[in-house]
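Below you'll find the structure, written out as C-alpha cells, and then a few comments.
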Amino acid sequence: MPTLQEVAARLDPFDVVIVGAGPSGSACAYWLAHAGWSVCLIEKKTFPREKTCGDGLTPRSVHQIVEMGLEDVVAQHGHRYQGLRSFGFGASLEMKWPEHPIFPNYGYTITRFNLDGLVAERAQSFGATLLTGVEAVDLIDATPARPGALGGAAGVVVKEKSTGTSAEIRGRYLVVGDGQNSRLGRALGTARNREWPMGMALRGYYTSDRHDEPWIDSHLDIRDPRGEVVPGYGWIFPLGDGRVNVGVGLLSTGGAWKGVNTTKLQEYFVAQTAEAWGLNDETCLGPATGGRLPMGLAIGPRVGPTTLTIGDAAGTVNPFNGEGIAYGYESGRLAAGVLGEALSSGDASALALYDERMDAAYGDYYKVARAFVRLISEPKILSVCVGAGLRIKPLMNELLAIMANLMSNDNRGPAEVGYRAMVRLAQAVPDEAYRMLLGNRSSRA
Ligand SMILES: Cc1cc2nc3c(=O)[nH]c(=O)nc-3n(C[C@H](O)[C@H](O)[C@H](O)COP(=O)(O)OP(=O)(O)OC[C@H]3O[C@@H](n4cnc5c(N)ncnc54)[C@H](O)[C@@H]3O)c2cc1C
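Residue numbers for the sequence shown follow the numbering used here, beginning at 35 and rising by one.
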C-alpha cells in the first residue's frame, strides 16, 4: 500500500476519488479500476474493521459478489443459507429463496469485519489506490450546491489518523460513499426527505449451538414482558462460525417511533428467543451496537457538476427489508458506469445519467416500498396481514420475491403480476395523494 505522502505527491489528479470503503465505495472503486481508470479509495478505518450490520447477504448481494469475482472467498469466510424463516402472531413459515434467471437461490451470512476488506482489496488488486486509516475531512475547491444539484469539489483534504498528517487528494470526479451519517454528502448539500421512512436498528453477537442453520430468521412481532406487541421486528442470522447475529429494527413511519428505545426492544427480543437459541449473559459476546438505515432514496440530490453520492449516503436501503449491502454495490456500480462515460467522452454532463439510471432501477419499486411500510407500520394492519399471510405459503413466497427485489422481468408469475399492479397504482397516484391515502404520520417521525 503506498504511503499518504506518496499518493499526495502525485502530479496528476486521479480520475476518481472515492470517500468510504464500505460496499458502495469499494464496488465503485472495483468497477472503475476494472475498466482501467485511476481511482483513489479513502477509508478512515483500517481493515478488518467492525461495522454494525445484520451481516446478511441476500441473493441480490451474492450476485454482485459473484460479478466482482469474490464468491469463493466469501464462501470461505461466510455461511451459505437457503431462505427466510418468518415468525409472527402465532404462525411461522420457511421460504426458500426463489429460482431466478440472474440471482442465485441462496444467500450468505458473513460479518462485515470479514467482508468489507475483501471488496476493497479486490479493487486494489485491479489497480485502485487504497488509503486506509485516512479520513476525508474537507472538500477541495468546493462550489456551492444549487437547487436539485450537489455542490462541486476537486477532491478532498485528508488526515492520516496515526500521524496526524494532512494532505490533498485531487480527482477529476469525487464520489461520496461515506455511509448513513454522510458528513461529506451533507457538505455537498444533501438532505433527507423527512416524510419518507427511516430505519433504526441494533445488533449483538451470541454464541449458539444453532449457529449453522440453513435459514435466516425474522420475527414480525416483538413482545414486552406483559405479552404486549411493541413496534419493531427482530432477526437471528446464523453465522456458521459458532455465532449468531441477533438484532432488532424499527421504522420511523410508526407513530410510536419516538418513544421506543431500541436497547429495550433488543432486551425483549432476546428474552423472547433466549430459550430456543441459548441466548443469555454467558453466550452474549458484548454490548449491542446500533445505526440508522436511510432508505427509499430519501437522500438527495445525488449528482453535482463533478460529484456523486452512492449507497447509504444516497439513502439506497430497501424499505421493504432493510437490505443495504446489495444497493450499495449496485449504486456504486451504476456510478462507476456513468463516470466511465464522462471520463471517456470528456463530458461531465454524463453524470446526469446516474440519476436517470437510479430512478429507472429503483424509483417505482421504492415508491411501492415506502407505501407498503407505511401501511404495515400500523400495528392492527400488521397483525392481520402477518397472522393471515404466514398461513398462506404461496402468498408469502410471492411477497418474499417482491420484498427482496428478486422478481424476474421475463417471468409473469404472481409476484411479478402483483408487483406490476402495485407499480401502476403507485404511478397513477401522485405522492401527495399517496400520503393522504396512507395517513401522513411523518410529523411524529
Ligand atoms: C443494525 C444494522 C443492520 C443491518 N443489517 C443489514 C443486513 O443484514 N443486510 C444488508 O444488506 N444491510 C444491512 N444493513 C444496512 C447496511 O449496513 C448498509 O446499507 C451498508 O453498509 C451501506 O453501505 P455503504 O458503503 O453505503 O456505507 P457503509 O457501509 O457505512 O460504509 C461507509 C464507509 O465510509 C467510511 N467513512 C465514513 N466517513 C469517512 C470519511 N470522512 N473519510 C473516510 N472514510 C469515511 C466508514 O468508515 C465506512 O467504512 C444494516 C444496517 C444496520 C445499522
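By construction, the Cβ of each residue, glycine as well, lies at the ideal position given by its N, Cα and C atoms. Just so it is clear, the structure is predicted and the values come from calculations on it, not from any experiment.
The beta-carbon distance between Ala235 and Val282, rounded to whole angstroms, is 7 Å. This is short enough to meet the 8 Å contact definition. Beta-carbon to beta-carbon, Gly362 and Gly345 are separated by about 4 Å, close enough to satisfy the 8 Å threshold. In the structure shown, the three-state DSSP call for Val337 is strand.
The segment 73-112 contains, as complete alpha helix (DSSP H) runs of 4+ residues, the segments 93-101 and 105-111 (chain order).
The segment 304-313 and the segment 173-185 do not touch, with fewer than 3 CB-CB distances between them shorter than 8 Å.
For Ile359, the CB falls within less than 7 Å of some heavy atom of ligand 1. For Asp255, no beta strand (DSSP E) run applies, since DSSP gives it neither H nor E. Between Ser60 and Ala154, the gap from beta carbon to beta carbon is short of 8 Å. Cβ neighbours of Val107 within its own chain (closer than 8 Å, five residues either side excluded): Leu152.
The DSSP-derived three-state label of Lys427 is helix. Residue side-chain check: Ala157 keeps its Cβ at 7 Å or more from all non-hydrogen atoms of ligand 1.
Val209 sits close to Ile52, with the two beta carbons spaced by under 8 Å.
At a threshold of 7 Å, Ser95 counts as near ligand 1, since its beta carbon sits closer than that to one of the ligand's heavy atoms. Counting the other Cβ atoms within 10 Å of the Cβ of Ile333 gives 16 or more, which makes it buried. When distances are taken from the beta-carbon of Cys87 to the heavy atoms of ligand 1, the shortest one is below 7 Å. Beyond the five residues adjoining it in sequence on each side, Arg404 comes within less than 7 Å, by CB distance, of Trp230, Pro231, Gly330 and Pro353 in the same chain, given in chain order. For the pair of segments examined, the segment 269-281 was found to touch the segment 235-249: the number of CB pairs separated by less than 8 Å reaches three. Met129 and Leu434 do touch by the CB rule: their CB atoms are close to 5 Å apart, below 8 Å. The beta-carbon distance between Tyr64 and Phe160, rounded to whole angstroms, is 6 Å. This is short enough to meet the 8 Å contact definition. Val294 and Phe303 have their alpha carbons spaced roughly 14 Å apart. Residue state for Asp172 is assigned as strand, using DSSP reduced to three classes.
Annotation for Val191 indicates a beta carbon at 7 Å or more from all heavy atoms of ligand 1.
Under the DSSP assignment, Leu118 falls in the beta strand (DSSP E) whose first and last residues are Gly117 to Gly122.
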